[in-house]
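Structure first, then comments.
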Amino acid sequence: SQTIHQWPATLVQPVGSPLSLECTVEGTSNPNLYWYRQAAGRGLQLLFYSVGIGQISSEVPQNLSASRPQDRQFILSSKKLLLSDSGFYLCAWSSGLKQYFGPGTRLTVT
Amino acid sequence: DQQVKQNSPSLSVQEGRISILNCDYTNSMFDYFLWYKKYPAEGPTFLISISSIKDKNEDGRFTVFLNKSAKHLSLHIVPSQPGDSAVYFCAANTGTASKLTFGTGTRLQVTL
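From first to last, the protein sequence lines are chains A and B.
With this note's numbering applied, the first sequence covers -7 to 102.
With this note's numbering applied, the second sequence covers 4 to 115.
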C-alpha cells in the first residue's frame, strides 16, 4: 500500500530564516506530487505540483520554491521566510484523479 | 476568483440525523468532484467522489449528489455520528495533472 511522509510535523522559525520541508511517498512510482498551504480559517491553496523529476509548476507567485530531486521526493523551500508564510503545509500525491495527503507540517514564523 | 464555494462555514447536526453539506462551482470544465474530511492538525482524507457523467454516488453512510445544470453538489451523511465531526472540503478536478480546486470547507459538528 502507498504511504506518504512529511517532516517535520511542527516548525517554528524566525522571519528571514530559510525553510526546507520534505515529503516522500512509498509504494508507488511516478506519482504526481503537490504542495498545498492551509492558512488559518481558509481552504487549501495549491502552491506547486510536479508530474515528474525536475518538473515543477508554480500556481501562485510567492516566497517559496519547490524541487523534485527524486521520483518520490518533493521538497518545499524558502531562502527567507516571511510572517505571511505561516500556515499548515500539506504534501499530496496522485495516481489518477484522487489525491492523497500527508499528515502536514505546522509552520509558525515568528 | 473562488471557483469552488462552500457557503456554509459551519453546520451542527444531532447524532442520528442527516447532515447535508453543500458545494457550488463556477467552472463548467470541472468533470470530477471529490469530498475530503479533515481533522485538526491532520491531512485531509478522501471520502467519496463523483464523475460528471453521474448524478449520484453512494458509499455506506455517504452519498454525493451532482446537479450539473445548477453547478451544485452535496454530500449527505446519514445517520450522522459524533466521529463525523470534522471539516469537510469539496474539490473539483480540472483535468490537468489531476489538479484539484478546493472549497473553503464546512465544519460539521455532530452533537449527542
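Just so you know, even glycine gets a beta-carbon here, dropped at the ideal spot from N, CA and C.
Just so you know, these numbers come straight off a predicted model, no measurement behind them.
{"query": "Boundaries of the beta strand (DSSP E) in which residue 11/A is found, first to last residue", "result": "11 to 18"}
{"query": "Inter-residue spacing [alpha-carbon to alpha-carbon] between residue 40/A and residue 103/B", "result": "12 Å"}
{"query": "Expected contact under 8 Å - CB spacing of residue 30/B and residue 75/B to nearest Å", "result": "At roughly 13 Å, the Cβ-Cβ gap does not stay under 8 Å, so residue 30/B and residue 75/B are not in contact."}
{"query": "Beta carbon proximity, residue -2/A to chain B, threshold 9 Å", "result": "yes"}
{"query": "Cutoff 9 Å: residue 93/A Cβ touching any chain B Cβ", "result": "yes"}
{"query": "Sufficient close CB pairs (3 or more, under 8 Å) joining the segment 84 to 93 of chain B to the segment 37 to 57 of chain B", "result": "yes"}
{"query": "Rounded C-alpha distance that separates residue 68/A from residue 45/A", "result": "14 Å"}
{"query": "contact_flag[the segment 29 to 36 of chain A, the segment 7 to 14 of chain A] where n(CB pairs < 8 Å) is 3 or more", "result": "no"}
{"query": "Burial state of residue 52/A (16 or more Cβ within 10 Å)", "result": "exposed"}
{"query": "Test: residue 80/A CB closer than 9 Å to a CB of chain B", "result": "yes"}
{"query": "Neighbourhood of residue 87/A by C-beta distance below 7 Å, restricted to the same chain and skipping five residues each side", "result": "20 and 23"}
{"query": "Chain B contact residues for residue 8/A, given Cβ-Cβ distances below 8 Å", "result": "Result: empty, since nearest Cβ-Cβ is about 26 Å, beyond 8 Å."}
{"query": "Segment contact flag, the segment 1 to 11 of chain A with the segment 66 to 85 of chain A, C-beta cutoff 8 Å, min 3 pairs", "result": "yes"}
{"query": "Where residue 80/B falls, given that 16 or more other Cβ within 10 Å makes a residue buried", "result": "buried"}
{"query": "Positions along the segment 48 to 66 of chain A whose CB lies within less than 7 Å of some CB in chain B", "result": "none"}
{"query": "As assigned by DSSP and simplified to three states, the class of residue 63/A", "result": "coil"}
{"query": "Within-9 Å CB hit, residue 38/A to chain B", "result": "yes"}
{"query": "Sheet register partners of residue 100/A (DSSP bridge)", "result": "4/A"}
{"query": "Cβ-based contacts, 7 Å cut-off: residues of the segment 89 to 114 of chain B near chain A", "result": "92, 96, 100, 101, 102, 103, 105, 106, 107 and 108"}
{"query": "is_contact[residue 29/A, chain B] using C-beta, thresh 9 Å", "result": "no"}
{"query": "Below-9 Å beta-carbon distance, residue 46/B vs any chain A residue", "result": "yes"}
{"query": "Per-residue DSSP class, three states only, for residue 49/A", "result": "strand"}
{"query": "Straight-line gap, residue 17/B to residue 85/B (C-alpha atoms, nearest Å)", "result": "9 Å"}
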